[in-house]
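Notes follow once the structure below has been shown.
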């Protein structure tokens, strides 16, 4: 099943993909509401107004997660291109909910940073409350997966050893377009990132140093994970900052992140209006 959050009648609503249509689930303001209600499968039979998928105006698939936990240096190729060693433990940082943006939304390039980079990522969405989860509990807690672009202001990111200031710019992290339940993801799923139609990143989403189940288990040891919380699992090799010469996004750049079984997250980048 694939679920999404869309703009609807001046507000937002969750919806279920049904072929080429989206069935609006009007009781729920977003996919997070569906998860907090306790059962993704329960909405499979709900009927409602229908929208052509091509006409959907997406909102972030989860509007306001209580936590957005991100993992750095988790794909072997990316770690090697950044000239680092494989980490024994996950490298964690966080974002805030107002960092999130929607599929199709124009992303503003802040004037304060000329070094804005792309990072296509698989994102894990939590479906049940867990603390100190076993591997089995962690797997059961995963409601599904979506796509993120962890847009990074590299000059700000590397001002200090802590990355937060380069990762938390308002409305800079697109999340969507849909949440796909685990059964939708093929065993050989791959992720690709293109910039203006040119492939920049490609990777096997299962080639993670720390996989989704391990990350849920690890993070839940530290803090309670709740329905709608999001874990970004890291990016593969091919980011602009690691290229020779370095490459960054410019006004008019279009970034598309595609993951088999989920879809494509597409955003255009524009100069921020003062």
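In the UniProt record's numbering, the protein residues as written are 1 to 274.
For every residue, glycine included, the Cβ atom is placed at its ideal position computed from N, Cα and C.
With DSSP collapsed to three states, give me the class of residue i.
i           : result
residue 156 : helix
residue 81  : helix
residue 43  : helix
residue 226 : coil
residue 33  : helix
residue 11  : strand
residue 275 : Nothing can be reported for residue 275: it is not among the residues displayed for the chain, which extend from 1 to 274.
residue 250 : coil
residue 17  : strand
residue 240 : helix
Does the beta-carbon distance from residue i to residue j come in below 8 Å?
i           : j           : result
residue 234 : residue 125 : no
residue 184 : residue 2   : yes
residue 142 : residue 127 : yes
residue 176 : residue 58  : yes
residue 34  : residue 64  : no
residue 272 : residue 6   : no
residue 55  : residue 173 : no
residue 77  : residue 203 : yes
residue 105 : residue 153 : no
residue 69  : residue 219 : yes
residue 151 : residue 79  : no
residue 149 : residue 118 : yes
residue 73  : residue 22  : no
residue 164 : residue 93  : yes
residue 129 : residue 225 : yes
residue 217 : residue 123 : no
residue 103 : residue 265 : yes
residue 171 : residue 260 : no
For residue i, count the other beta carbons within 10 Å of its own beta carbon; 16 or more makes it buried, fewer makes it exposed. Which is it?
i           : result
residue 86  : exposed
residue 210 : buried
residue 254 : exposed
residue 24  : buried
residue 248 : buried
residue 83  : exposed
residue 263 : buried
residue 144 : buried
residue 9   : exposed
residue 222 : exposed
residue 89  : exposed
residue 188 : exposed
residue 256 : buried
residue 199 : exposed
Going by DSSP, what residues sit across from residue i in a beta bridge?
i           : result
residue 50  : 23
residue 58  : 6
residue 256 : 194, 266
residue 75  : 208
residue 86  : None; residue 86 has no bridge partner.
residue 271 : 109
residue 69  : 94, 231
Which whole runs of the alpha helix (DSSP H) in the segment 98 to 168 are 4 residues long or more, in chain order?
135 to 140, 154 to 157
Suppose only complete runs of 3+ residues qualify. What are the beta strand (DSSP E) ranges in the segment 169 to 221, listed by chain order?
173 to 180, 190 to 195, 198 to 204
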